[in-house]
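In UniProt numbering, the protein residues as written are 1 to 689.
And the structure:
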């Protein structure tokens with residue numbers, strides 16, 4: 001193929017330029033890889049001596065930076081003519097020079113090799129690609145056409161972040177000019193930029209013959225480019241928002257990719273105020289999905305695999321600063337795919353769950369760090385505004401998610417920072433739990449969150465505990481009066497809201513019973529729970545009588561509430577002289593919940609659904625799920641160190657219940673291990689008294 005040679009224009013009255021035509025830089029692909037190692041810094045690059053004393057040096061003037069530098073034997077006009085001719089020829093069906101132009105950008109990472117001795121050095125040098133970007137910018141009216149889509153796509157894939165600052169600036173101007181000329185290129189341009197949010201390793205953006213660019217500099221250049229595009233085209237923010245969501249890493253991708261993407265999202269949040277809430281919502285939404293999926297995986301594990309996951313987390317803790325620097329993800333995945341799947345399924349499951357736990361740990365630790373500065377003065381309007389955002393996210397994303405295990409601890413932590421925030425959180429939960437048009441599943445979730453927060457919140461004042469306990473009893477009485485005339489016996493399906501509130505009330509009692517005691521004999525030591533046993537205690541208001549009416553009523557809530565909670569309540573209530581419910585507990589063992597299912601049919605007859613006959617009683621009882629039970633993700637648990645009340649068994653509680661002594665001994669032993677347990681305790685730590 002003959003090299004492309006532009007025809008010089010000859011103006012009237014002027015002598016033509018040199019007889020020898022200027023040689024094009026667009027060479028066949030075989031010579032495109034011959035490049036040599038040059039300094040990329042334009043200002044400091046030494047200028048080559050002229051070939052002869054009489055030959056005038058050809059230089060390129062950079063109108064962006066007001067810098068002149070040598071580019072072989074071509075001027076800027078020469079390169080523009082070459083590029084324009086190549087594009088126009090392509091439009092006419094001649095793709096030779098057009099394809100060579102694509103090759104320049106497709107092979108932009110090839111190292112420059114010096115020419116063979118005796119041959120002319122006319123191969124593109126590393127820093128000269130910038131000249132072609134500038135020439136293409138001047139040809140945007142041609143380049144914007146559909147026929148040049150292939151070249152544009154190739155240019156967008158070039159490694160523009162790993163070169164020098166001058167190239168980055170020129171390339172950003174090219175992108176802006178491209179979008180300005182053809183708006184349909186906005187999505188590909190921003191998509192290319194958002195794709196780079198995943199990059200954490202220098203090999204992803206570095207270019208040979210240029211000094212290595214750090215991750216920090218790379219990201220600064222990337223976000224400067226995005227900012228420039230957004231300044232030029234303000235409406236691009238909506239396009240960017242959609243791309244940020246669609247390109248978020250999938251749940252099964254590595255911790256490294258997730259953390260790189262999230263850190264870039266948080267950087268976007270700083271310079272696009274309109275997207276601040278949307279970005280936080282996006283991150284939390286994806287965290288909730290990872291959280292719920294992880295819980296499904298955990299529930300399928302047996303105890304041995306769970307123990308192996310806990311051991312792996314303790315043996316190889318990863319610090320937050322190392323999450324993006326980890327190089328083991330890809331290699332580990334390859335080894336698992338190629339070997340472990342063939343012979344050790346447990347190894348794959350352990351690795352998968354361990355990575356999920358680390359992912360949750362890393363993202364939540366980051367979110368705690370992002371939110372915390374807003375609560376330096378927790379009573380301020382700034383703190384309340386941020387808490388309103390967290391509360392909205394909780395209400396829309398966390399509360400409706402079944403068995404979310406970790407994400408809710410964001411609001412658990414910040415709701416305890418100030419009385420104003422605590423009231424706002426409890427008020428929102430009360431409104432959800434008692435609104436008549438709220439689905440039962442949300443009512444139960446709100447009741448569980450309220451009870452768990454009041455019971456577990458170390459900074460929840462005793463006055464609020466008493467207020468919430470009294471309010472629950474008030475609503476229970478209203479439900480009892482409404483439901484008892486319709487009741488044939490305990491029925492979770494028909495009276496679900498009532499049983500949810502009873503279980504919430506019992507749970508609060510088990511943890512905060514000391515706050516419900518108004519006065520006690522002098523022999524009682526408030527610091528020693530065991531000293532309360534057997535004493536004549538005065539309880540708050542009429543709470544003893546009010547709760548007794550509920551427990552011994554026709555609705556029989558102790559049969560429907562989770563057995564583990566009922567059993568613990570029975571022990572405490574008896575030994576504290578609050579209430580004696582053991583006869584009812586024993587009689588309930590002879591009650592079958594399925595016998596009352598007929599009441600759900602409109603006919604009222606003794607119809608039986610064969611589908612229910614084979615189901616266990618537990619199917620018709622409440623799930624013992626309380627969302628603020630101990631949080632043990634290895635790194636991020638530091639934020640919650642003083643936030644929640646640990647369960648402490650009362651010494652001597654079971655002296656009169658010998659048959660339960662063995663179980664309680666095991667629970668006492670488990671208490672010592674509580675601090676060592678992690679999120680891998682899906683059932684045991686989901687509720688463990």
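The beta carbon of each residue, even a glycine, is placed where N, CA and C say it ideally should be.
Between the beta-carbon of residue 508 and the beta-carbon of residue 569, is there less than 8 Å? Position 508 of the chain shown holds residue 508. Position 569 of the chain shown holds residue 569. Cβ distance not < 8 Å, so residue 508 and residue 569 don't count as in contact.
Distance check for residue 181 and residue 40, CA to CA, integer angstroms please. In the chain shown, residue 40 corresponds to position 40, counting from 1. In the chain shown, residue 181 corresponds to position 181, counting from 1. Because residue 40 sits at a pLDDT of 37, beneath the cut-off of 50, its placement in the model cannot be relied upon, and the point is left open.
With DSSP run on the structure shown, which of helix, strand or coil describes residue 183? Taking the chain shown and counting its residues from 1, the one referred to as residue 183 is at position 183. DSSP places residue 183 within a helical segment (H, G or I) once states are collapsed to three.
Environment of residue 51 [buried if 16+ CB atoms lie within 10 Å]: Here the question's residue 51 lines up with position 51 in the chain shown. No answer about residue 51 holds up, because its pLDDT of 39 lies below 50 and its placement is not dependable.
Would you identify the three-state DSSP class for residue 214, choosing helix, strand or coil? In the chain shown, counting from the first residue as 1, residue 214 sits at position 214. When DSSP states are grouped into helix, strand and coil, residue 214 belongs to the coil group.
Should residue 264 go down as buried or exposed, given a rule of 16 or more other Cβ atoms within 10 Å for buried? Position 264 of the chain shown, counted from the start, is the residue given in the question as residue 264. With 16 or more Cβ atoms within 10 Å of its Cβ, residue 264 is classed as buried.
List the residues that DSSP assigns as beta-bridge partners of residue 517. Start at 1 with the first residue of the chain shown, and residue 517 comes out as number 517. Residue 517 pairs with 539.
What are the uninterrupted segments assigned as alpha helix (DSSP H) that are 4 or more residues long and contained completely in the region 131–190, given in chain order? List check, alpha helix (DSSP H) in window: 140–143, 149–156 and 165–181.
For the region 334–419, list the alpha helix (DSSP H) runs that are entirely contained and at least 4 residues long, ordered along the chain. Listed in chain order, they are 345–371, 381–393 and 409–414.
Considering only the beta carbon of each residue, do residue 471 and residue 393 sit closer than 8 Å? Counted from its first residue, the chain shown places residue 471 at position 471. Counted from its first residue, the chain shown places residue 393 at position 393. For the pair residue 471 and residue 393, the CB atoms are not nearer than the 8 Å cut-off.
Within its chain, find whatever has a CB closer than 6 Å to the CB of residue 197; leave out the 5 residues flanking it on each side and keep chain order. The residue given as residue 197 occupies position 197 in the chain shown. Closer than 6 Å at Cβ, skipping near neighbours: 261 and 264.
What does DSSP give as the partner residue(s) for residue 631 in the beta ladder? Position 631 of the chain shown, counted from the start, is the residue given in the question as residue 631. Beta-bridge pairing links residue 631 to no other residue.
Suppose you measure from the CA of residue 49 to the CA of residue 130; what does that come to, to the nearest Å? As a position in the chain shown, residue 49 is number 49, starting the count at 1. As a position in the chain shown, residue 130 is number 130, starting the count at 1. Note that residue 49 scores a pLDDT of 39, beneath 50, so its modelled location is shaky; the value from the coordinates is reported in the next line. Per the coordinates, the alpha-carbon of residue 49 lies some 22 Å from the alpha-carbon of residue 130.
Is the Cβ-Cβ distance between residue 473 and residue 505 less than 8 Å? The sequence position of residue 473 within the chain shown is 473, counting from 1. The sequence position of residue 505 within the chain shown is 505, counting from 1. In contact: residue 473 and residue 505 (Cβ atoms closer than 8 Å).
Alpha carbon to alpha carbon, what distance is there between residue 290 and residue 418? As a first step, residue 418 is located in the chain shown; it is residue number 418 there, counting from the start. As a first step, residue 290 is located in the chain shown; it is residue number 290 there, counting from the start. In a straight line, the C-alpha of residue 418 is about 30 Å away from that of residue 290.
Residue environment, residue 665, which counts as buried when at least 16 other CB atoms sit within 10 Å: The residue given as residue 665 occupies position 665 in the chain shown. In this prediction, residue 665 scores a pLDDT of 43, lower than 50, which makes its location untrustworthy; the coordinate-derived value is nonetheless stated afterwards. That one is exposed.
Give me the residue from 293, 273, 258 and 579 with the minimum Cα distance to residue 283. Position 283 of the chain shown holds residue 283. Nearest of 293, 273, 258 and 579 to residue 283, Cα basis: 258.
Whether or not the region 494–504 and the region 434–452 are in contact is what I'm after, with contact meaning three or more pairs of Cβ atoms, one per stretch, closer than 8 Å; do they touch? Yes, they touch.
For the alpha helix (DSSP H) containing residue 96, list its first residue and its last residue. Translated into positions along the chain shown, residue 96 becomes position 96. Residue 96: member of the alpha helix (DSSP H) spanning 96–106, first to last residue.
Helix, strand or coil at residue 225 according to DSSP, with G and I counted as helix: To locate residue 225, count along the chain shown from 1; it is residue 225. In the structure shown, the three-state DSSP call for residue 225 is helix.
Distance between residue 139 and residue 233 (C-alpha atoms, nearest Å): As a first step, residue 233 must be located in the chain shown, where it is residue number 233. As a first step, residue 139 must be located in the chain shown, where it is residue number 139. Spanning the two alpha carbons is a distance of roughly 21 Å.
Backbone CA spacing between residue 457 and residue 155 [nearest angstrom]: Here residue 457 corresponds to residue number 457 of the chain shown, with the count starting at 1. Here residue 155 corresponds to residue number 155 of the chain shown, with the count starting at 1. In this model, residue 457 and residue 155 are separated by some 56 Å (Cα to Cα).
Residue 457, DSSP secondary structure in three states: The sequence position of residue 457 within the chain shown is 457, counting from 1. Three-state result, residue 457: strand.
Helix or strand or just coil, what does DSSP make of residue 644? Within the chain shown, numbered from 1, the residue matching residue 644 stands at position 644. Looking at residue 644 - three-state DSSP - the assignment turns out to be strand.
When we look at the beta-carbon of residue 376 and count the other beta-carbons within 10 Å, is it buried (16 or more) or exposed? Residue 376 sits at position 376 when you count from the first residue of the chain shown. Exposed: under 16 other Cβ atoms inside 10 Å.
Which of the three DSSP states, helix, strand or coil, is assigned to residue 691? Past the boundaries of the shown model lies residue 691; the chain is included only from 1 to 689, so the question cannot be answered.
Is the region 459–466 in contact with the region 520–532, if contact means three or more CB pairs nearer than 8 Å? Contact fails between the region 459–466 and the region 520–532, because fewer than three Cβ pairs, one in each stretch, are under 8 Å apart.
Please state whether DSSP places residue 264 in a helix, a strand or coil. On the chain shown, residue 264 is found 264 positions in, with the first residue counted as 1. Residue 264: helix per DSSP, three-state reduction.
Express the C-alpha separation of residue 92 and residue 84 in angstroms, rounding to a whole number. As a position in the chain shown, residue 84 is number 84, starting the count at 1. As a position in the chain shown, residue 92 is number 92, starting the count at 1. If you take the alpha carbons of residue 84 and residue 92, they lie about 12 Å apart.
How far does the alpha helix (DSSP H) with residue 82 in it extend, from its first residue to its last? Residue numbering aside, residue 82 sits at position 82 when the chain shown is read from its first letter. Counting along the chain, the alpha helix (DSSP H) containing residue 82 begins and ends at 76–91.
Is the separation between the beta-carbon of residue 230 and that of residue 194 shorter than 8 Å? Along the chain shown, one-based indexing puts residue 230 at 230. Along the chain shown, one-based indexing puts residue 194 at 194. Residue 194 sits away from residue 230, with the two beta carbons spaced by 8 Å or more.
Beta-carbon proximity list for residue 545, same chain, < 8 Å, skipping 5 on both sides: Position 545 of the chain shown, counted from the first residue, corresponds to residue 545. The answer is none, since no qualifying residue turns up.
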